[in-house]
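Structure record follows, encoded as structure tokens.
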Amino acid sequence: MENAGIVIGAGMGPSGFQPGLPRALAAQEVGDRIVASIEPSHRRKVGIEVHDRVSGERFSHNGRFRTQAGSLVKVMILVALIREQRFRGAGLTSSYRRLADQMIRVSDNPAASTLLKAAGGRRALDRLARDLAMARTESASAWGRTKTTAPDQVRLMDALLEGPEVLGLLPEDRSYVIDLMERVIPSQKWGVGAVPSGVETRVKNGWMPLTPGGWRVNTFGHVKGWERDYTVAILSDGNSSLEAGVGRVNAISRALFSALG
1379 MENAGIVIGA GMGPSGFQPG LPRALAAQEV GDRIVASIEP SHRRKVGIEV
1429 HDRVSGERFS HNGRFRTQAG SLVKVMILVA LIREQRFRGA GLTSSYRRLA
1479 DQMIRVSDNP AASTLLKAAG GRRALDRLAR DLAMARTESA SAWGRTKTTA
1529 PDQVRLMDAL LEGPEVLGLL PEDRSYVIDL MERVIPSQKW GVGAVPSGVE
1579 TRVKNGWMPL TPGGWRVNTF GHVKGWERDY TVAILSDGNS SLEAGVGRVN
1629 AISRALFSAL G
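Here it is, written out as structure tokens:
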């Protein structure tokens, strides 16, 4: 079923929300609200994927939209590094953990470059993408230019939460990555993190200016609380500034949170 650019998973009921009806019956309105939160002139420059872990529904707007990930790829770098260490029969050293903390919580770029080299370079990212069926994610010589899609990033977040064997991480490894995403510094809690206080959020954002196409401003993660539990990725380009992009993904995130209430 398709409406205003939103593709909604199977099991749909009539559109429109009525108090007391199962969440699945309101799924069309969720899709409508997501699209309505994006300016019409920008809808082709935004890709959104949502997995509602309560109802099982999935929502996708412009799912084939692909753009440069920026610092979003740092979660992949950390996962690739842990996989490499586990393959060697080891865990993360204290030095690697210190750099991982800086890379995820503060979004430190030199730390990301160091850890990617330790993980095996861009081939490690491509191997992770292949194993998780992130079919439209492709590494680049400069890690921030790695291209990806919203569905691929939600697939990664779901893997961290659910732990398929192909991921190659132990439960404590996955908990470690999720914990770092939960503790990003306050100034980087936008996007997926733009929800009411008291709601659990695990988030990683990415932003970078490129010519042509303007600012890439991206966010992905997990939201849980207030009877909500969902993974989400919002990717955008064509933003005139970082502030404009952050405002855009914040508006989408808030609309989604409200619609899933």
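The sequence shown begins at 1379 in this note's numbering and counts up one residue at a time.
Even for Gly, the Cβ is constructed at its ideal location relative to N, Cα and C.
Counting only residues of its own chain and dropping the five nearest sequence neighbours on each side, P1587 has a CB closer than 7 Å to the CB of W1593. Per the Cβ contact rule, the stretch 1497 to 1516 is in contact with the stretch 1527 to 1543 (3 or more Cβ pairs under 8 Å). Of the residues assessed, E1550 falls on the exposed side of the cut-off, its CB having fewer than 16 other CB atoms within 10 angstroms. In the DSSP assignment, D1607 is bridged to K1602. In this structure, V1453 sits away from L1547, with a CB-CB distance that is not shorter than 9 Å. Between the stretch 1569 to 1576 and the stretch 1417 to 1426 there are fewer than three inter-stretch CB-CB distances shorter than 8 Å, so the stretches are not counted as touching. Annotation: the continuous beta strand (DSSP E) that includes I1426 extends over V1424 to D1430. Taking 9 Å as the cut-off, the Cβ atoms of V1457 and W1521 do not count as close. The stretch 1610 to 1627 makes contact with the stretch 1523 to 1534; the number of CB pairs closer than 8 Å reaches 3 or more. Relative to S1565, the option among R1606, A1490 and V1484 whose CA is nearest is V1484.
Contact between V1581 and V1555 does not hold, since their C-beta atoms are separated by about 12 Å, which reaches or exceeds 8 Å. Here the C-alpha atom of S1433 lies approximately 25 Å from the C-alpha atom of N1596. The beta carbon of R1461 sits closer than 6 Å to the beta carbons of G1546 from its chain, once the five residues preceding and following it are set aside; these are given in chain order. In this structure L1493 is not in contact with T1524, their Cβ atoms being roughly 14 Å apart against a cut-off of 8 Å. Looking at the backbone, the Cα of N1487 and that of R1442 are separated by about 28 Å.
With 16 or more other Cβ atoms inside 10 Å of its own Cβ, R1606 counts as buried. Between M1559 and the set R1501, Q1480 and R1422, the nearest pair of CA atoms involves Q1480. Going by DSSP, K1525 is part of the beta strand (DSSP E) stretching over K1525 to T1527. Taking G1469 as the centre and dropping the five residues before and after it, the same chain places the C-beta of Q1463 closer than 7 Å to its C-beta, in chain order. Per DSSP, reduced to three states, the secondary structure at T1579 is strand. Nearest in C-alpha terms to S1517, of all of F1437, S1419 and R1444, is R1444. According to the DSSP assignment, Q1463 belongs to no beta strand (DSSP E) but to the alpha helix (DSSP H) extending over K1452 to F1465.
Burial check for S1438: the Cβ neighbour count within 10 Å reaches 16 or more, so the residue is buried.
In the DSSP assignment, T1589 falls outside any beta strand (DSSP E) and carries neither an H nor an E. Minimum Cα-Cα distance from S1553 among the listed residues G1576, P1590, N1583 and H1600 corresponds to H1600. Look at T1492 here: in three-state DSSP terms it is helix.
Rounded to whole angstroms, the gap between the alpha carbons of G1639 and R1422 is 27 Å.
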